[in-house]
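J.:
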Amino acid sequence: MFVLETHNLVKRFDALLAVDDLSFSVAPGEIFGFLGGNGAGKTTTLRMVLDIVRPTSGSISLLGSAPSRRTAASIGFLPEERGLYAGMSAIETIVYFGRLKGMDKALAKSRGLDLLERFDLRDRAKSRISDLSKGMAQKVQLATALVNEPEILMLDEPFSGLDPVNQGLLENEIRRASDRGAAVIFSTHVMQHAERLCDRLLLLKKGRKRFEGTLKEARAQLPTRLTAISRFDLSSLPGVAEGQSSPTEDPEWREWSLKLEPGVDPSQVLEHCSTNGIALRHWDLLQANLHEVFVQLVGAEDIKP
Amino acid sequence: MTLANILLVAKREMLEILKLKSFWLTLLILPAALALGPLLGSNLENHEPTRVSVVDRSGGDSGKALEARFQFDETQYLLRELSDYVQRFGLQKADPDAPWSAHDRWYTPADAAAFEASGGIDGALSKIEAVRPEGTPRFEIPQHEYTFLVPPSALLAAQGKAFEQTARTLFANDPEDKNPEIIVLIPNDFPADLGIKVFANDDVPRRFVAKLQEVLTIDLRTRLLAESGVTGARAALVQNITPTIAIDTPPPGGGASETLMVRSIVPLALAYILLMSLMLSGSWMLQGSVEERSNKLIESLLACISPEELMYGKLLGSMSVGLMMISVWAGCAGIAAFATHGAISDMIRPALEPISSPGIIAAIIFFFVAGYIGVSAIFVAIGSMVDSMNEAQGYMMPVLLLIMLPILFLLQAILAENDGVIVQVLTWVPLWTPFAVLARLGLGIETWELVGAGTLLAVAIAAELILVARLFRESLLATGQKPTFAKLLQRLRAPPKVEN
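Protein sequence lines correspond, in order, to chains A and B. Sequential numbering from 112 applies to the first sequence in this note's numbering. Sequential numbering from 41 applies to the second sequence in this note's numbering.
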């Protein structure tokens, strides 16, 4: 059961193809990362899901129906470009957005005050937005997205412009929402956040999906690298695509840098060595990080020659 | 689209505008001006009669004739005012035969003489007081315009150039405001010497000079008639004979005496107030839209409500503010009418007459609201496309000129009781229809025109709202882009259907 599903989603702006045949799905309680460079189509996809822009073709199912404001009560959204009414107070702002999402005024106020308490802003509830610091205003805006305890929380580049303290606060809120069963979808191009938070990832490049899956599956996209010290020629082992060696202090032993063939499990290579009496002094697995996966799948083609 | 969201947006828009100092200033400036205007006017106005001395050295009666003539004019004016007052409040029973009980004549010297003979204003007021019901205001006696003083002895003694010097000295040394302000010198040899001299400490009113010339001309002609053998009494008859002019007008506050212009006062005021409040509330709403765009608020809002809900909320908020301003102004006008003991309401009763039937009231409400929606939607469209007030001004100026200039011509045409081509054209162009129809109600407008123009306006507004909604939806998120004309046309087109 998915709370969000898209099928063959396409969005064109005149000659520009912003989203190209995109299909993906998000389950309740899942933290889903939208990764891609500038112009990859992340924001456009989120806007289509929110019915702010209409797709050129394809379909979207949000909580079982087509996107519309009827589902606004179940959605929390934090846009990339953030701003609030300068003349309204913090609590007025949260209540206003809560009521736009169909909440009762008293409930919106009580939840708003709870959120401000959690964000250490309780004493500034009646302060005008124009009198708050940028960081405080960002917390208020996050509260407007959370006030209705949404089933789907969508955050567009939520970490941009946040100081480390607020980044930590946001990470906690994302985990908290996920823990209570909400699906969290956030776009980012900062791999560390995605690596720390996401259950599943979607990598986009120029509107097209390059990858969808778990972090482990993402890492598996790159060939595994090993380093090992042995007296034998490890480059000829089955499953090894490439191998280079360099001398060690002991002239009989060489340090090997190995690149495995795609899909080969490093433990198979280790097992082969032990079965065949190939002595090893050192064995180290170099696992690819998300940044390398991203560069490989998305960024490499962007690199100018 | 839900009404609750529209109302929420409208309420927020209203509260934002109510927080503006400029709103309160504008709201209070009109009543303050209305209240202070008459006060300042009455304080600035000089109520003291101008002091006049006539030095008649010809030995004739020219000086006395001059004084009598001014006295008659003032009595005639007093009789007209008294007659209006008596008729307005139905007090003729105080003395049905008195000249001031008749409202159908131009008062002659004989009427004035009869009035003075029967006790003058004091006699009339004592009769009126006996029948004046409680609550009816008292008659306010108009101030004399001129008072004639016996010339100071220094002036009578002065001859030649010394006369002028003495006159100037009197003007200059007058700490207690008791000396004459105008001195008329009739020379010894008048009428052989026609050199009448007028000395004054300020500009001499033209009416004074004209009257002086008229009285002395009559004197001259009487003397010439006498020289031609026409006796004094006969000559006086020739000079003074005047026809009796009967005047038939409705009573004060009852109709055409205040002319068609009075009938058009309220309709013109409606058109003008519509224009004024539209400009004000429209520009405040625009300010709010610019804030939403420049503060990057739009996307957060559109995640909760549809662009149409946002647009209609803004329209409703702007209209509510405008109608609130108009209500306050109307309330102030009502208080002013009450405070002036019905004098203003008497005056505007003929103006309210053409707009007092239920059908016309419904039409006024329709055209007022339609005008508000039609023009405010243009402001909404501008607000959806600009990122700053500077940018907004660039669109506002041509739009305002386009709306306002023809309306200025329209108001002038209505005041001139002209419902020619311009007025007809403006009636049928939806942008100006509400103003033209409201302004024309005083002169009278055919029912078919009212219904036809109203239908056309309703259709035009429906089409406008569809187009503005498309523009609004397509423009809201396009920040930082200056739309070209081709782009605008593209945004106005219907969005393509989504292919599944």
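The beta-carbon is built from N, C-alpha and C at its ideal position, and this holds for glycine as well.
B/Q183 by DSSP, collapsed to three states: which one?
T.: coil
J.: Is there at least one Cβ from chain B nearer than 9 Å to A/T117's Cβ?
T.: no
J.: At least one CB of chain A closer than 9 Å to the CB of B/T42: is that the case?
T.: yes
J.: Nearest to B/L165 by CA position, among B/A194, B/G200, B/L118, is which residue?
T.: Looking at the Cα atoms, B/L118 is the closest of the given residues.
J.: If you draw a straight line from the alpha carbon of B/A453 to that of B/L106, how long is it in whole angstroms?
T.: 43 Å
J.: Which residues in chain B have a C-beta closer than 7 Å to the C-beta of A/P261? List them in chain order.
T.: Ordered by position in chain B, no residue passes the 7 Å Cβ test against A/P261, which lies about 10 Å from the chain.
J.: Please tell me whether A/A339 and A/W367 are closer than 9 Å, where the distance is taken between their beta carbons.
T.: yes
J.: Ignore the nearest five residues each way along the sequence and tell me which others in A/G144's own chain have a CB closer than 6 Å to its CB.
T.: A305, C309, L312
J.: Bridge partners of B/D96, per DSSP?
T.: B/I226
J.: Please check if any C-beta of chain A sits within less than 9 Å of the C-beta of B/L511.
T.: No, B/L511 lies away from the interface with chain A (no Cβ there is under 9 Å from its Cβ).
J.: So, with DSSP's three-state summary, where would you put A/R319?
T.: strand
J.: If I'm right that A/N149 touches A/D132 with Cβ under 8 Å, what's the distance once you round it to whole angstroms?
T.: In fact, because the Cβ distance is near 20 Å, the residues do not count as touching under 8 Å.
J.: Within 10 Å of its beta-carbon, does A/G175 have 16 or more other beta-carbons around it, so buried, or fewer, so exposed?
T.: By the Cβ-count criterion, A/G175 is exposed, with fewer than 16 other Cβ atoms from all chains shown falling within 10 Å of its own Cβ.
J.: Could you tell me whether any Cβ in chain A is nearer than 9 Å to the Cβ of B/I345?
T.: At a cut-off of 9 Å between beta carbons, B/I345 contacts chain A.
J.: If you draw a straight line from the alpha carbon of B/H184 to that of B/A202, how long is it in whole angstroms?
T.: 31 Å
J.: Give every residue of the same chain whose Cβ lies closer than 6 Å to the Cβ of B/V224, excluding the five residues on either side of it in the sequence, and list them in chain order.
T.: Only V94, V238 meet the Cβ criterion.
J.: Count the other CB atoms, across all protein chains shown, that sit within 10 Å of the CB of B/T257; report buried if there are 16 or more and exposed otherwise.
T.: B/T257 comes out exposed.
J.: Would you report the Cα separation of A/E192 and B/E504, rounded to the nearest angstrom?
T.: 31 Å
J.: If we ignore side chains and look at the alpha-carbon of each, how far apart do A/R392 and A/E372 end up?
T.: 23 Å
J.: Leaving aside the five residues before and after B/V415 along the sequence, list all residues of the same chain whose C-beta is less than 6 Å from its C-beta, in chain order.
T.: L318
J.: In chain A, which residues lie less than 8 Å from B/L22 when you measure between Cβ atoms?
T.: No answer is possible for residue 22 of chain B: it lies beyond the span of chain B, which begins at 41 and ends at 540.
J.: Would you verify that the beta carbon of B/L507 is, or is not, closer than 9 Å to some beta carbon of chain A?
T.: Cβ-Cβ to chain A under 9 Å: no for B/L507.
J.: How should B/I405 be labelled, buried or exposed, when 16 other C-beta atoms within 10 angstroms of its C-beta is the threshold for buried?
T.: exposed
J.: Taking 7 Å as the limit between beta carbons, can you name the residues of its chain near B/A479, skipping five residues before and five after?
T.: P307, L308, A311, L450, L451, I454
J.: Compute the Euclidean distance between the alpha carbons of A/A177 and B/A343, then round it to the nearest angstrom.
T.: A/A177 and B/A343: Cα-Cα distance of roughly 14 Å.
J.: With a CB to CB cut of under 7 Å and the five nearest residues on each side skipped, what residues in its chain are close to B/R97?
T.: I226, P227, N228
J.: Quick one: complete alpha helix (DSSP H) runs, 4+ long, within the stretch 413 to 474 of chain B?
T.: 429 to 455, 461 to 468
J.: DSSP puts A/T299 in a beta bridge; with which residues?
T.: A/L146
J.: Could you tell me if B/G200 is buried or exposed, where buried requires 16 or more neighbouring beta carbons within 10 angstroms of its beta carbon?
T.: With a 10 Å radius around the Cβ and a threshold of 16 neighbouring Cβ atoms, B/G200 comes out exposed.
J.: Which residues in chain B sit within 8 Å of A/L243, going by Cβ to Cβ distance?
T.: Simply none; closest approach about 13 Å.
J.: Where A/V375 and A/L401 are concerned, what is the direct C-alpha to C-alpha distance, given to the nearest angstrom?
T.: 19 Å
J.: When you compare the CB of B/R52 with every CB in chain A, is at least one pair closer than 9 Å?
T.: yes
J.: Among B/Q253, B/L48, B/P220, which one has its Cα closest to the Cα of B/G235?
T.: B/Q253
J.: Have a look at A/E203 and B/E56 and give me their C-alpha separation to the nearest angstrom.
T.: If I take the Cα positions, the gap works out to 12 Å.
J.: Please report how far the alpha carbon of B/E332 lies from the alpha carbon of A/P261, in whole angstroms.
T.: 24 Å
J.: With C-beta atoms as the reference, is A/V164 less than 9 Å away from A/K216?
T.: no
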